[in-house]
Amino acid sequence: MKKTKIVIAGIGGVGGYFGGLLAKEFYTSDQVNISFLARGEHLKAIQNNGLKLIHGENELVVKPHLVTDNPEEIGIADYIILCTKSYDLETTIKELKSCINKDTLILPLLNGVNSREKIQNYLPENMVLDGCVYIVSKIKEAGLIEISGSLQTLFFGHDTIENEKLTSLQNIFKQANIEASLSKSISSIMWEKFIFISPTATATSYFDCSIGALVADDEKLKVVSLLINEIIKIARAKEIILAPDIFEKTVNKLKAFPFEATSSMHRDFQNNKKQTELELFTGYVVSTSKQRNIETPTYKKIHQALKNKS
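With our numbering applied, the sequence shown corresponds to residues 32 to 341, in that order.
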């Protein structure tokens, strides 16, 4: 019987957690094979000692069937789960060429709302899904992923395609104790997340503070509220189906996060990274509002300020 081969590309906070649970469940499996595509010191640490996941008092060390920085060692994959940064997407797709044939299904778990469209441009013959996750996690050091909070959920699917490969993937996730939901209204779910994460990333980066500090300060929270209302206007202009109480739901999500939690974009600014997610989270809203003639003054002001900072 042919093994189902799954590649996790990018073993950061997202890929490390979900890939780690898959590796734990299927390490001795004769049906599912899990491979990690990793880099640098992180790769070496996982090769030598496995990948450690820490969540509060709980620690778990896992090993995939293969961890490598050379996709040619992996071979053709049935599923590729992309967990890289959005600005690494094009490079990663090109690197994974030797793992992809026409039957390979691609699931991006990247931030933003246009990953599927970008991937489909490179791989027009492949089935590419939409996906998003809710999780607070990060690489604490090489070979170590730290998870905080109580929310670790994954949503994936396609608004118009139903296929047995999607159901099989959901079953694999469930078997690994991943809280995964296969959805036929994935665009609404993704936009609901984007309406949360874009203002959060924009504001934490602009004010250089944690999510808790945003919520605790009335003036900062007022700016976040303006950002949320502006992005809701964009989503409605794109005819995305949203809950009537989307604003309240978004603010409540903010308040539920650990005080010290922040956004990946803010961490990039803190670490003076050459590449950040500014255009993904903030620039996308500004450019889309311009195309649709919608006023987003708060986004425009902060986008310019952060461009000057980067």
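All C-beta atoms in this analysis are idealised placements derived from N, C-alpha and C, irrespective of residue type, glycine included.
_Let me check one thing: in DSSP terms, what residues is Ser256 bridge-paired to?_
The partner list for Ser256 (beta bridge, DSSP) is empty, contrary to what the question assumes.
*Touching or not, the stretch 254-269 and the stretch 199-213, by the rule of three or more beta carbon pairs under 8 angstroms?*
With the cut-off at 8 angstroms, the stretch 254-269 and the stretch 199-213 do not touch.
*Name the DSSP bridge partner or partners of Gly162?*
Bridge partners of Gly162: Phe187.
*Anyone know if the C-beta pair for Glu121 and Pro102 falls short of 8 angstroms?*
Between Glu121 and Pro102, the gap from beta carbon to beta carbon reaches 8 angstroms or more.
*Identified DSSP bridge partners for Pro139*: DSSP lists Leu113 as the beta-bridge partner residues of Pro139.
*asked:* Suppose you measure from the CA of Tyr58 to the CA of Ala207; what does that come to, to the nearest Å?
replied: Between Tyr58 and Ala207, the C-alpha separation is close to 11 angstroms.
*Exposed or buried, which one is Thr293 when buried takes at least 16 other CB atoms within 10 Å?*
By the 16-neighbour rule on beta-carbons within 10 angstroms, Thr293 is buried.
*Please say whether Lys196 and Leu136 have beta carbons closer to each other than 8 angstroms?*
Closer than 8 angstroms, so yes.
*In the DSSP assignment, find the beta strand (DSSP E) that holds Ala108 and state where it starts and stops.*
Here Ala108 belongs to no beta strand (DSSP E), and DSSP marks it neither H nor E.
*Check the C-beta distance from Val246 over to Lys286 and give it rounded, since I have them as a contact under 8 angstroms.*
Right, their Cβ atoms sit about 5 angstroms apart.
*For the stretch 44-114, which segments carrying the beta strand (DSSP E) assignment without a break, of at least 3 residues, lie completely within its bounds, in sequence order?*
List check, beta strand (DSSP E) in window: 63-68, 82-86, 89-93, 97-99 and 110-113.
*Is the beta carbon of Ile192 sitting closer than 8 angstroms to the one on Ile226?*
Going by C-beta atoms, Ile192 is not nearer than 8 angstroms to Ile226.
*With a CB to CB cut of under 7 angstroms and the five nearest residues on each side skipped, what residues in its chain are close to Glu72?*
Within its own chain, the residues whose Cβ lies closer than 7 angstroms to the Cβ of Glu72, once the five positions on either side in sequence are excluded, are Ala173, listed in chain order.
*Any chance the stretch 182-190 sits against the stretch 206-220, with 3 or more Cβ pairs inside 8 angstroms?*
The stretch 182-190, when compared against the stretch 206-220, does touch it at the 8 angstroms Cβ threshold.
*What are the partner residues of Glu177, as DSSP defines its beta bridges?*
Residue pairing by DSSP places Glu177 opposite Ile85 and Lys169 in a beta bridge.
*When the Cα atoms are used, what is the spatial distance from Asn132 to Asn157?*
Distance from the CA of Asn132 to the CA of Asn157, rounded to the nearest whole angstrom, comes to 8 angstroms.
_Terminal residues of the alpha helix (DSSP H) in which Leu273 lies_ = Premise fails: Leu273 is in no alpha helix (DSSP H) and is neither H nor E.
*Do Leu68 and Ala40 have their C-beta atoms closer together than 8 angstroms?*
For Leu68 and Ala40, yes; Cβs fall inside 8 angstroms.
*How is Thr35 classed by DSSP in three states: helix, strand or coil?*
Under the three-state reduction of DSSP, Thr35 is assigned to strand.
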